[in-house]
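Working notes for the structure below.
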Amino acid sequence: MAVHEIIRMGHPTLRQVARQVDPAWIGSHEFDALIEDMQDTLNAAGGIGLAAPQINVPLQIAIVHLPGGEGRYGEIPQVPLTVFVNPEISVLDKAAAGCWEGCLSVPGLRGYVERPQHIRVDYLDEHAHERSIEAQGFLATVIQHELDHLAGRLYVDLIEDSRLLAYEREFVQFGLDEGPGTRD
Ligand code: ZN
């Protein structure tokens, strides 16, 4: 059990394409310890998702855990801890919606990003079982954000209007999340 340092934008690992995990390695002591460390690190940081490259482990692994209730993203659904290994994403509906995203590797900032809101993810779970889930809305956004880390992408790459990037304090202070006015 260990909380790792979360590396920040500028660290080259965040810009690499992460390596595929050998399914035979899943369930090993080393694998289980990595997942536990990722959970500990996510909990300590108070985040809702973490990709292995964010703790400088360039492997195709990400975890998502939405506790539900009111948080810094407003009211969010409850999703139990989900481990994605070697995930592949398919967009089921291109209709996109915007969200002010944040990232533990880009601390203190929020940026407005539009993403498709209906996706499917095919992946291996922490027992090496093949899984497939459909996700919509906020969960679809969160999953795409995390899986982008495995491709060396950060949400800031997807901000179309750089005026829609702000420090968190000012984001709250000036109510930037209050609807379409943010685009004016
Ligand atoms: Zn992130």
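When we follow the working numbering, the leftmost residue of the sequence shown carries the number 1, and every step to the right adds one.
Don't be surprised by glycine CBs; every beta carbon is placed ideally from N, CA and C.
Identify whether residue i lies in helix, strand or coil by the three-state DSSP scheme.
| i | result |
| --- | --- |
| Tyr73 | coil |
| Ala24 | helix |
| Pro58 | coil |
| Glu30 | helix |
| His65 | strand |
| Ala151 | coil |
| Ile143 | helix |
| Glu170 | helix |
| Glu160 | coil |
| Arg19 | strand |
| Ile6 | coil |
| Glu36 | helix |
| Leu165 | strand |
| Leu14 | helix |
| Leu176 | coil |
| Thr182 | At Thr182, the pLDDT of 36 sits below 50, so the modelled position is not reliable; the number obtained from the coordinates is stated separately. Thr182: helix per DSSP, three-state reduction. |
Give the range of the alpha helix (DSSP H) segment to which residue i is assigned.
| i | result |
| --- | --- |
| Asp122 | Looking at the DSSP string, Asp122 is not in any alpha helix (DSSP H); the run it does join, the beta strand (DSSP E), is Val106 to Leu124. |
| Ile133 | First-last for Ile133: Glu130 to Gln136, but that is the beta strand (DSSP E), not the alpha helix (DSSP H). |
In angstroms, rounded to a whole number, what distance separates the CA positions of residue i and residue j?
| i | j | result |
| --- | --- | --- |
| Cys99 | His149 | 17 Å |
| Leu92 | Ser162 | 28 Å |
| Arg8 | Ala24 | 30 Å |
| His65 | Leu109 | 21 Å |
| Val106 | Ala52 | 15 Å |
| Arg183 | Leu164 | Note that Arg183 scores 34 on pLDDT, short of 50, meaning its location in the model is unreliable and no value can be drawn from it. |
| Glu88 | Ala128 | 15 Å |
| Ile159 | Glu5 | 26 Å |
| Val121 | Ile133 | 5 Å |
| Asp32 | Glu168 | 34 Å |
| Leu147 | Gln173 | 30 Å |
| Pro77 | Ala95 | 20 Å |
| Val156 | Gln16 | 16 Å |
| Gly175 | Ala166 | 11 Å |
| Arg72 | Arg19 | 32 Å |
| Gly27 | Ala151 | 24 Å |
| Glu36 | Tyr123 | 19 Å |
First and last residue of the beta strand (DSSP E) that includes residue i?
| i | result |
| --- | --- |
| Gly49 | Gly49 to Ala51 |
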